[in-house]
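Asker: Right, I'll just put the structure down here and ask away after.
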Amino acid sequence: MSYRKTLKLICGFAGGSAVLFAAAVADSRGYFGEQSEEAAGRWSRFNVLQAAQPAWTPASHTPAPTGHAWDFNWDKRDPSSLSNGKKKESVTEDPSSEQDNGKPKATRNILLIRHSQYNLSGNSDKERILTPLGREQAELTGQRLAALGLKYDVLIHSSMARATETANIISKHLPGSPGVELVSCDLLREGAPIEPVPPVTHWKPDAVYHEDGARIEAAFRRYIHRADPKQKEDSYEIIVCHANVIRYFVCRALQFPPEGWLRMGLNNGSITWLTIRPSGRVALRTLGDAGFMPPDKLTRT
1 MSYRKTLKLI
11 CGFAGGSAVL
21 FAAAVADSRG
31 YFGEQSEEAA
41 GRWSRFNVLQ
51 AAQPAWTPAS
61 HTPAPTGHAW
71 DFNWDKRDPS
81 SLSNGKKKES
91 VTEDPSSEQD
101 NGKPKATRNI
111 LLIRHSQYNL
121 SGNSDKERIL
131 TPLGREQAEL
141 TGQRLAALGL
151 KYDVLIHSSM
161 ARATETANII
171 SKHLPGSPGV
181 ELVSCDLLRE
191 GAPIEPVPPV
201 THWKPDAVYH
211 EDGARIEAAF
221 RRYIHRADPK
231 QKEDSYEIIV
241 CHANVIRYFV
251 CRALQFPPEG
261 WLRMGLNNGS
271 ITWLTIRPSG
281 RVALRTLGDA
291 GFMPPDKLTR
301 T
């Protein structure tokens, strides 16, 4: 067997350090067709490369788990934790059957939509309405939601002008008669949920963190949780609100540090999809999806 074939076998079974060592030895002995003097000069370079390779051990290539274990009762709706301590009226009643009846059986799909581009120069909320491009973005988002072919149960939106207008445009595209119910909510208004880490100097929230944070956390607890046990079928709910709110919701739902919310960016009119299983498992199906918009329609204001 030629040396080059042998070296290929070594490459297939050995780590980077072993391969570099074998190549260095071969080179120093002139197996690659060079004179020993030339090879000796290259031997020192192989030594440097070999020394730069970290020693391979199973421990160094196995990431250690970080953070806390997943809390299945994050929404405080785990049936096993909802016992009220009352005595059973009948001794023949099966407690396991009662617990099964109290278990959620449906999956909630929550589609978080960021409002479209709006007039940044407005002095009040009423003046911060959508731009012509923003209205076009809302049309595209509505078309995308309709194309998904889902049966939407409700469309909840922030009471701010830009979110309300976005929701009204989207609702025209949703299937159903007389249409999906629209619900306005003050809790979903834009704000500063928690001081971001790492801190930023170029962005200063108008409100105090603890004021907005309490409200946005209340919105999270109202809308982001597993299904009620009475819900029989999977649901698809749309929430039109704001970038800060959505980013905070995602961090909280995935049990990531909430102070990391500002590290994510969301395009106007983008779709973020959270799935909440009856067991309490949460999955992020999409984050800020705006691939349905032409590149010249994308904005992040």
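In this text, residue positions in the sequence shown follow my numbering: the first is 1, and each later residue adds one.
Backbone N, C-alpha and C define an ideal beta-carbon position, used for all residues, glycine too.
Every value quoted in this text rests on a predicted model; they were computed, and no experiment measured them.
1. Closest by CA to R252, which one among I194, D153, V183?
2. Can you grab the Cα-Cα spacing for the pair P63 / I276, in whole Å?
3. Go through its chain and collect everything with a Cβ distance to H242's Cβ below 7 Å, but skip five positions before and after it.
4. Does the separation of the CB atoms of W261 and L111 fall below 8 Å?
5. Is T166 helix, strand or coil by DSSP?
6. Could you give the first and the last residue of the continuous beta strand (DSSP E) run that contains N109?
7. In chain order, what residues of the same chain lie with their CB nearer than 7 Å to the CB of E233, ignoring the 5 residues before and after it?
8. On a CA-only basis, which of A146, Q231, L82, L287 is nearest F249? Give me that one, please.
9. Could you work out which residue in Q137, P104, H173, D153 is closest to Y118 when comparing CA atoms only?
10. How should E165 be labelled, buried or exposed, when 16 other C-beta atoms within 10 angstroms of its C-beta is the threshold for buried?
11. I'd like to know whether the C-beta atoms of V197 and E127 end up nearer to each other than 8 Å.
12. Quick one: residues in its chain with C-beta nearer than 6 Å to the C-beta of A219, no 5 flanking neighbours on either side, listed in chain order?
13. On the criterion of 16 or more Cβ atoms from any shown chain inside 10 Å, does S101 qualify as buried, or is it exposed?
14. Less than 8 Å between the beta carbons of Y223 and Y152, yes or no?
15. Under 7 Å Cβ to Cβ from T131, same chain only, skipping five residues before and after it: list those, please.
16. Near G85, what residues of its chain come up, given a Cβ to Cβ distance below 7 Å and the 5 sequence neighbours on each side ignored?
17. Relative to the C-alpha of P175, which candidate in G213, L155, C185 has its C-alpha closest?
18. Check each candidate in H225, T66, L145, A192 and name the one with the smallest Cα separation from W74.
19. I'd like the span of the alpha helix (DSSP H) that includes L133, first residue to last.
20. Residues in the same chain with beta-carbon distance under 7 Å from I216, minus the five sequence neighbours each way, listed in chain order, please.
21. What are the boundary residues of the alpha helix (DSSP H) that includes R247?
22. CB R221 to CB N267, shorter than 8 Å?
23. Within the same chain, show all residues whose beta-carbon is closer than 8 Å to that of E139, passing over the 5 residues directly before and after it, in chain order.
24. If I follow the unbroken alpha helix (DSSP H) through D212, where does it start and stop?
25. Candidates L298, F72, R281: which alpha carbon is nearest I271's?
26. Using the C-alpha atoms, what's the distance from G134 back to D125?
27. Would A167 and L182 qualify as a contact pair, given that the criterion is a beta-carbon distance under 8 Å?
28. Smallest Cα separation from A283: which of Q143, L254, H68?
29. State the start and end residues of the unbroken beta strand (DSSP E) segment that holds D289.
30. For W70, tell me which candidate among S279, D289, F292 has the shortest Cα-Cα distance.
Answerer: In short, the structure shows the following:
1. Residue I194 holds the alpha-carbon nearest to the alpha-carbon of R252 among I194, D153, V183.
2. Cα-Cα distance, rounded: 27 Å.
3. Here H242 has R114, H115, S158, A163, E190 as same chain residues with Cβ atoms under 7 Å from its own Cβ, once five neighbours each way along the sequence are excluded.
4. No, the Cβ-Cβ distance between W261 and L111 is not below 8 Å.
5. When secondary structure is reduced to three states using DSSP, T166 falls in the helix class.
6. Note, N109: beta strand (DSSP E), 108-114.
7. Cβ neighbours of E233 beyond the five flanking positions: A106.
8. Measuring from the Cα of F249, the nearest candidate turns out to be L287.
9. Measuring from the Cα of Y118, the nearest candidate turns out to be Q137.
10. When all chains shown are included, E165 counts as buried.
11. Note that the C-beta distance between V197 and E127 is not below 8 Å.
12. Same-chain partners within the cutoff: L187, L188.
13. It is Asn, not Ser, that sits at residue 101 in the sequence shown. Label assigned to N101: exposed.
14. No, they are not a contact pair.
15. The answer, listed in chain order, is Q117, Y118, N119.
16. Residue placement at G85 is flagged as unreliable, the pLDDT there being 46, under the threshold of 50; the coordinate-derived value follows with that caveat. So the list is empty, once near-sequence residues are dropped.
17. Ranking G213, L155, C185 by Cα distance to P175 puts L155 first.
18. Closest by alpha carbon: H225.
19. Counting along the chain, the unbroken alpha helix (DSSP H) around L133 starts and ends at 132-147.
20. The residues are G191, P193, V245, Y248.
21. Here the alpha helix (DSSP H) through R247 covers 243-253.
22. In this structure, N267 does not lie closer than 8 Å to R221 by Cβ.
23. Closer than 8 Å at Cβ, skipping near neighbours: I169, H173.
24. Note, D212: alpha helix (DSSP H), 209-223.
25. With distances taken between Cα atoms, I271 lies closest to L298.
26. Distance between the alpha carbons of D125 and G134 is about 16 Å.
27. In contact: A167 and L182 (Cβ atoms closer than 8 Å).
28. Minimum Cα distance to A283 is reached at L254.
29. 282-289 is the span of the beta strand (DSSP E), which, as asked, contains D289.
30. With distances taken between Cα atoms, W70 lies closest to S279.
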